[in-house]
Every structure is written in structure tokens, then in C-alpha cells.
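The structure appears right after this line, and notes come after that.
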Amino acid sequence: MKKKSSFFKILSINIVWLWLGIFALIPITLTFVTSFLTQDPNAIVKFALTLSNYWELFNHAYVSILIQSITLAGTCTVICLIIGYPFAFTIARSKSKHSSLLLLLVVIPFWTSSLIRTYAIMAILKAKGILNAMLLAMGLIDQPLQILYSYLAVLIGCVYDLLPFMILPLYANIEKFNEEYLEAAQDLGANWLTTFIKVVIPLTMPGIIAGSVLVFLPAMTMFYIPVLLGGAKNLLVGNLVEYQFLTANNWPLGTAISVVISLLMGAMIAVYWYNSKEKDREELA
Amino acid sequence: MNKNIIELFGVSKKFENYQALQETTISIKHGEFITLLGPSGCGKTTLLRLISGFDKPDTGKIFIDGRDVTDLPPEKRHLNMVFQSYALFPHMTVYDNVAFGLRCKKVSETEIQKRVTNVLRMVKLEALHDRKPSQLSGGQQQRVAIARAVVNEPIVLLLDEPLSALDYNLRKSMQLELKQLQRRLGITFIFVTHDQEEALSMSDRVAIMNEGYIEQLGTPKDVYEEPASLYVADFIGEANIFTTEILETYDNKLVIEIEGKRIALNNKKDFEVKQKVHIIMRPEDITVWGENEITPEESKNMLPGTVEQVIYKGSTVDLIVRLPSEKKILAAEFFNEDDEKLDYHTTEKVWIDWIPGWEVILPYEEKI
Ligand SMILES: Nc1ncnc2c1ncn2[C@@H]1O[C@H](COP(=O)(O)OP(=O)(O)O)[C@@H](O)[C@H]1O
Ligand SMILES: [Mg+2]
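Note that the protein sequences, when read in sequence, are chains A and B.
To convert, count from 1 in the first sequence and add 18; that's the working numbering.
To convert, count from 1 in the second sequence and add 25; that's the working numbering.
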């Protein structure tokens with residue numbers, strides 16, 4: 019009996035490894051190898067080893083695009099946190115039958131393709147769109163706002179698209195938060211601000227970090243939102259990679275950019291991992 | 026010392042449609058150790074939360090130290106609470122947990138250091154001041170929770186079943202520690218428990234609660250020896266209960282019939298003829314006699330019975346005696362140097378009586 023179950027355990031673990039090997043390790047290896055090859059106008063790549071793809075990245079234009087992407091992803095993460103925290107807190111604190119309904123509402127947008135939702139945002143933001151029509155009708159403005167095809171539009175799109183990734187881990191964390199801590203703090207004479215800063219934030223930090231990682235990473239590599247909402251004016255790292263592959267036909271450069279981004283993000287996770295306590299780690303895993 | 030520190034007048038609380046606390050009026054004296062005792066769900070926590078200010082009463086007024094605090098939030102009431110689950114902040118060390126209240130009140134760090142160190146010494150946790158709560162045992166966490174509350178020098182400490190999470194031995198020693206701490210601090214403790222033994226052994230007064238109201242408030246001796254209701258008699262300790270009717274009354278006496286015998290008892294509460302009553306007898310007030318220990322003349326005023334079970338308990342032996350009506354009663358006999366006759370065996374015929382006047386007579390209540 020025991021032998022049998024351990025056989026299945028070994029088998030299933032090996033299947034997982036095989037799966038990861040085929041669908042994660044091989045593409046990553048291919049990407050990594052390609053980044054050291056040379057561009058060939060007539061084929062996908064030429065098999066000549068070089069480091070020139072990486073040297074090219076020090077080009078001023080690429081560096082500034084990287085900085086822009088980090089800024090956008092960072093801003094997006096902070097805004098998601100500011101909106102998502104009270105949101106998750108309210109859901110987690112509301113009566114259980116309400117909270118499951120509210121959670122459902124958070125998840126519903128996932129049922130529609132993110133691309134389609136981005137088009138919907140275009141419809142809202144454009145000069146003759148829903149938002150402007152409303153504001154004009156209410157008399158708050160007398161000229162349509164030019165939001166679409168701006169940095170602001172990209173930011174709105176990113177926040178809208180990624181907000182659930184912030185809310186869900188925060189909710190999972192805040193839900194476990196024992197309300198007695200709030201009463202204990204109040205009992206000891208803490209006002210709500212002290213309670214929030216000294217008790218609530220530290221105790222929900224694992225959720226804050228998990229949510230931030232889940233928002234920041236995809237925000238770094240967004241490519242269709244900047245194109246659709248930013249009107250290709252606001253090129254980001256994701257667009258750069260897409261451009262190298264599909265337009266410039268420079269796969270080695272595209273893969274080199276990908277490798278650098280992956281390393282950057284990996285470094286970020288590693289820094290968090292080593293600074294976090296064991297308990298928080300379990301929560302992230 | 027004898028002034029009232031807490032006074033509740035007609036305080037009640039309803040949750041949705043459930044009356045968790047009926048209108049309650051109670052005064053608690055300064056320096057008193059008072060216990061709220063009752064089964065789970067009887068409203069102990071509700072009463073405590075109304076006093077602490079975490080809940081607002083629907084009716085009534087609450088005074089603390091002569092001041093109307095009915096509309097004041099918890100932090101303005103000069104009392105502190107020890108929570109059932111301790112609610113220690115898991116991300117803070119023992120020291121920071123205890124210092125939390127003082128820091129909120131902007132006490133200087135040197136003063137904080139002095140007071141926290143003192144309190145930690147008092148609860149014998151000085152050496153563990155930089156541990157996190159998760160690195161402490163249940164008893165140690167309990168002491169941190171108490172230290173965190175008393176460091177603020179409250180005039181009243183509220184404790185909601187603080188010992189219920191501890192195992193038996195630890196609970197016993199914490200009971201002693203808590204009682205000593207209360208004497209040393211000289212402040213009022215309002216202690217909640219569902220354990221009657223704990224309540225009797227620790228308290229100056231016990232409030233016995235039932236379905237949202239206080240059935241009886243009195244010293245442990247009062248509530249044990251003079252229970253005010255069947256519920257209290259049954260909840261506190263063991264009780265043998267006979268339900269019967271008064272046959273006649275004369276000269277401060279009343280006559281009843283138990284097991285076919287007419288028995289005259291003191292009529293302390295002016296019961297009347299035909300009134301139905303409960304006669305309550307504590308096991309230790311009942312004496313059991315062997316058949317050859319008494320004369321037929323003596324047995325006239327005793328009840329016959331058969332020993333059904335003998336339970337040795339060290340200092341006492343408990344006997345379950347079956348009466349002719351099949352009713353079983355519990356008698357506790359104390360071992361006594363000059364009484365060799367305590368080796369009862371089952372099926373033995375015995376006679377029982379009780380110390381006259383030690384029975385409690387209560388008006389009839391519809392039992393559940
Ligand atoms: N916040 C609340 N909402 C609804 N019902 C409650 C609430 N708090 C307590 N109750 C109800 O009031 C009754 C008394 O509860 P409680 O005071 O906690 O009892 P105890 O502490 O004696 O076990 C229980 O039946 C409980 O279900
Ligand atoms: Mg309770």
C-alpha cells in the first residue's frame with residue numbers, strides 16, 4: 019500500500035517536472051541562447067556567437083525606455099495599492115454573504131479578454147467617448163478632455179487591467195486578519211491612524227508585497243495597452259520587444275531585452291525573498 | 026475601599042432579534058474580584074463588552090468611578106481588557122507589546138522602560154522581553170496579555186475567559202497567580218469563566234448568569250449554600266433535588282412528604298400549605314448510616330435506600346443511593362479517624378438523613 023502510493027507520488031512529481039521542462043525550461047533556454055546569436059535578414063538568426071546584442075542595450079534610447087517602463091509599472095502598482103487596499107479591506111470586513119458577491123464582481127472582468135476590455139476603455143476615454151459626454155452633460159467641462167493617447171490613458175488602462183491582481187492577494191491576507199487586534203489596539207488607547215500604521219499594515223504586509231509583485235511584473239511587460247491607449251507614443255519595454263520580433267525582425271536583440279528584464283525582475287523577487295521572514299514566504303508560495 | 030467603582034442601571038443589549046442581555050443593574054466595588062459565571066452563550070462576553078465600551082447598550086446607564094461613561098469609547102474609560110485569545114500583536118516583541126499602550130499615550134521612553142520592566146518582572150517574563158509571542162508557551166502568552174493590560178494602570182481589569190485555553194495544571198497555577206496579582210495591584214478584576222470551581226475559588230463575589238440575566242450575585246459561600254434558584258443550585262456544585270408539596274405549616278415549620286415519609290422542616294421563607302416546592306440537598310450534607318448503626322426508633326426520621334455505586338475520591342467517598350421510588354441521590358462522606366464504617370459495598374441496605382436546616386427550599390419552577 020505504502021509502496022504504491024509513493025510510486026504514484028514519484029510519478030506525479032516527475033510529470034510536473036517534465037511539464038515544467040518542456041514548457042518553461044526549453045523556451046527560456048532558447049531565449050537565452052538566441053540572445054547571444056547574430057541577426058540575419060534572410061533567416062531568423064545566424065549561428066554566430068556575439069555579445070553585441072547586450073552592448074546595444076546601453077544605447078540611450080533603450081535605457082530611457084526601460085526607466086519609463088519601471089516608472090509606469092511602479093506608479094501603476096502604487097495606484098493599485100491605494101485603490102485596492104481599502105477595497106480589499108471592505109470586502110474582507112463585510113458580512114460573508116456580501117463578501118463573496120463582491121469578490122465575484124472583482125473576478126468577473128477576467129471572463130472577458132483583457133484586449134477587449136482595453137477597447138472598452140478606449141470607448142470610454144476617447145474625445146467623443148462616454149466619459150467626456152458625461153462630463154460635458156454635467157457641465158463640468160466645456161471642451162472634451164484629451165485623455166486617450168496619453169500617458170494618463172496608459173496608466174488608467176494598466177490600473178484597470180491589473181487591479182484584481184492586487185485585490186485578491188490583499189483580500190486573502192486581510193480576511194485572515196483577526197479583528198481582536200483592532201479591539202486590542204483600541205483598548206490600549208491607539209487611534210485609528212496608529213492602529214493602521216502600527217498594527218494593520220505590518221500584519222497585512224505579506225498581502226501587500228504579493229499584490230505588488232503580481233501587479234508590477236505584468237505592468238513592466240505590457241505591450242498592447244500602450245499601443246491602444248497610448249497611441250504608440252509611449253513606447254515601453256514590452257513594445258520594444260514586440261517591435262524587435264515582429265517589425266525589425268531582430269530576434270537576438272529582442273531576446274537580449276527579454277533576458278535583461280527577466281533578470282531584473284528575478285533580482286527583485288530574490289531581494290524580497292531574502293528580506294522576508296519565513297512565515298511571509300509560506301504565504302507567497 | 027468600599028465605594029462602587031462600576032455601576033450599571035438597567036443595561037440591556039439586543040443583537041438582531043436576540044436579547045443577549047436583559048435589563049441588568051449591578052454595582053461592583055473598588056478592589057473587588059468579581060466573576061461572571063455561566064454556560065457558553067449566556068451573555069458574559071456581552072456584559073463585559075458593554076462595560077468596556079466595545080458595544081453600546083440599548084437601554085440603561087453605565088457609571089465608572091462615579092462618571093457616566095455610557096457614551097464614551099473604550100479608550101476613555103480607564104479600564105483594560107485581557108482578550109480570550111490574548112490578541113497579542115504577533116509582529117511585536119513582548120516588550121513592544123507591553124509598551125504599546127504607553128507609547129499611544131505619549132509617555133516618555135525612559136518612563137516606558139521603567140514601567141514595562143517593572144511589569145515584566147512582576148509576571149516573571151523579564152528574561153523573555155525580546156521574544157515574539159509565537160516563541161512563547163500558552164501560559165507565557167497569557168502573562169504577556171495581562172502585563173500589557175496592567176502596565177496602563179487601569180482602575181478595572183476585564184478578563185474574558187483568560188484561562189480557558191490552558192491545560193488543567195497550568196490553569197490551577199495561573200488562578201493563584203491572578204489572585205495574588207489582583208491583591209497586589211488592589212484594583213478591581215471582572216473575570217469571566219464558565220468553570221464554577223474556578224469562579225468559587227477565586228472570587229470575592231460571583232454573578233451567576235443564565236440566558237442574558239444575572240440569576241444571583243453573592244459571595245461563593247452564599248451562592249453555594251443559599252442558591253436563589255433551581256438553576257443556580259444545579260449549576261454550582263452537585264445538588265439532590267426533591268420536588269414535593271407542602272402538606273401543613275405550623276410554628277415556623279412546614280411539613281412535606283419525601284419517599285412516603287412526613288418530614289418537618291424550618292419554614293424560613295413563609296411557604297404556604299399546598300405550595301409546590303423543591304428541596305435541595307448538597308451531597309456533603311447528607312449522612313449515610315449502615316443498618317446496624319441505628320435503632321428502629323432513629324430510622325423513623327430517615328429515608329431507606331440501597332447503595333448503588335461507591336466512588337472513592339481520596340478524602341471523600343461518594344455514594345449513589347437508590348431510594349424506594351427509584352430516585353437516585355448522591356452523598357459525599359468524609360473520611361474520619363474515629364469512623365471506621367466507610368467501607369460501603371453495593372446492594373448494601375442503608376438509611377440516610379441530613380443535617381436539619383441545611384437543606385434549601387425553593388418555590389416550584391417549571392423545569393426544562
Ligand atoms: N455581535 C453579535 N451578533 C449577534 N449575536 C451575538 C453577537 N454577540 C453575541 N451574540 C449572541 O448573544 C448571546 C450571548 O453571547 P456572549 O455574550 O458572547 O455569550 P458568552 O460570552 O456567555 O458565551 C449568544 O447567543 C450569541 O450568539
Ligand atoms: Mg464569551
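Where is the CB? At the ideal position from N, CA and C, for every residue including glycine.
Taking 6 angstroms as the cut-off, one finds no heavy atom of ligand 1 near enough to the beta carbon of Lys38 (chain B). Using a Cβ-Cβ cut-off of 9 angstroms, Asn196 (chain A) is close to Ser110, Ala112 of chain B, given in chain order. By the neighbour-count definition (other C-beta atoms within 10 Å, threshold 16), Ala42 (chain A) is an exposed residue. Three or more Cβ pairs drawn from the region 198-211 of chain A and the region 94-111 of chain B lie within less than 8 angstroms of each other, which places the two stretches in contact.
The Cβ atoms of Ala91 (chain A) and Met238 (chain A) sit closer than 7 angstroms to each other. Here the alpha carbons of Pro236 (chain A) and Leu99 (chain A) stand approximately 15 angstroms from one another.
The contact set of Phe360 (chain B) on chain A, defined by CB atoms closer than 9 angstroms, is empty, because the minimum CB distance reaches about 48 angstroms.
Linking Ile88 (chain A) to Leu184 (chain B) through their CA atoms gives a straight-line distance of about 52 angstroms. Cβ contact annotation for Leu73 (chain B) (same chain, cutoff 8 angstroms, sequence separation greater than five): Leu61, Met106, Leu183, Asp185, Ile215, Val217, in chain order.
Taking 6 angstroms as the cut-off, the C-beta of Ala45 (chain B) counts as close to a heavy atom of ligand 1. Look at Asn265 (chain B) here: in three-state DSSP terms it is strand. Here Lys278 (chain B) carries a strand assignment [DSSP, helix/strand/coil].
According to the DSSP assignment, Arg230 (chain B) belongs to the beta strand (DSSP E) that extends over 230-235.
Neighbours of Val217 (chain A) across chain B, judged by C-beta separation under 7 angstroms: Phe114. For the pair Thr95 (chain B) and Ile87 (chain B), the CB atoms are nearer than the 7 angstroms cut-off. In this structure, Ala106 (chain A) and Ile192 (chain A) form a Cβ contact; the two beta carbons are roughly 5 angstroms apart against a cut-off of 8 angstroms. The three-state secondary structure of His103 (chain B), taken from DSSP, is coil. Using a cutoff of 6 angstroms, the CB of Ser112 (chain A) does not count as near ligand 1, since none of the ligand's heavy atoms is closer than that.
What Pro99 (chain B) touches in chain A, judged by beta-carbon distance under 7 angstroms, is Gln204, Asp205, going in chain order. Leu255 (chain B) sits close to Glu390 (chain B), with the two beta carbons spaced by under 7 angstroms. Taking C-beta separations shorter than 7 angstroms and ignoring five residues to either side along the sequence, the partners of Thr93 (chain A) in its chain run Leu173, following chain order. Positions of the alpha helix (DSSP H) runs, each at least 4 residues long and wholly inside the region 294-373 of chain B, are given as 321-324 in order along the chain. Neighbourhood of Thr56 (chain A) in chain B, by CB distance below 9 angstroms: empty, with the nearest CB roughly 53 angstroms away. Counting along the chain, Tyr43 (chain B) sits inside the beta strand (DSSP E) bounded by residues 43-54.
In this structure, Ile30 (chain B) lies away from Ile59 (chain B), with their beta-carbon atoms at least 7 angstroms apart. Distance from the C-beta of Thr49 (chain B) to the nearest heavy atom of ligand 2 is not below 6 angstroms. A residue is called buried once 16 or more other Cβ atoms fall within 10 Å of its Cβ, and Trp37 (chain A), having fewer, is exposed. Closest in C-alpha terms to Lys299 (chain B), from the list B:Phe114, B:Arg307, B:Glu282, comes B:Glu282.
In the DSSP assignment, Asn291 (chain B) forms a beta bridge with B:Lys278. Placement of the Cβ of Thr212 (chain A) at a distance of 6 angstroms or more from every heavy atom of ligand 2 is found. Taking 6 angstroms as the cut-off, the C-beta of Lys101 (chain B) does not count as close to any heavy atom of ligand 2.
Of all alpha-carbon atoms in B:Lys139, B:Lys278, B:Asn235, the one lying nearest the alpha-carbon of Ser65 (chain B) is that of B:Asn235.
Sequence-ordered contacts of the region 124-158 of chain B with chain A read Phe125, Gly126, Cys129, Lys130 [C-beta pairs closer than 7 angstroms]. Residues are counted here when their Cβ sits less than 8 angstroms from a Cβ of chain A; for the region 77-98 of chain B these are Ser77, Phe79, Pro98, given in chain order. With its beta carbon less than 7 angstroms from one in chain B, Pro220 (chain A) belongs to the interface. Assigned with DSSP and collapsed to three states, Gln241 (chain B) falls in strand.
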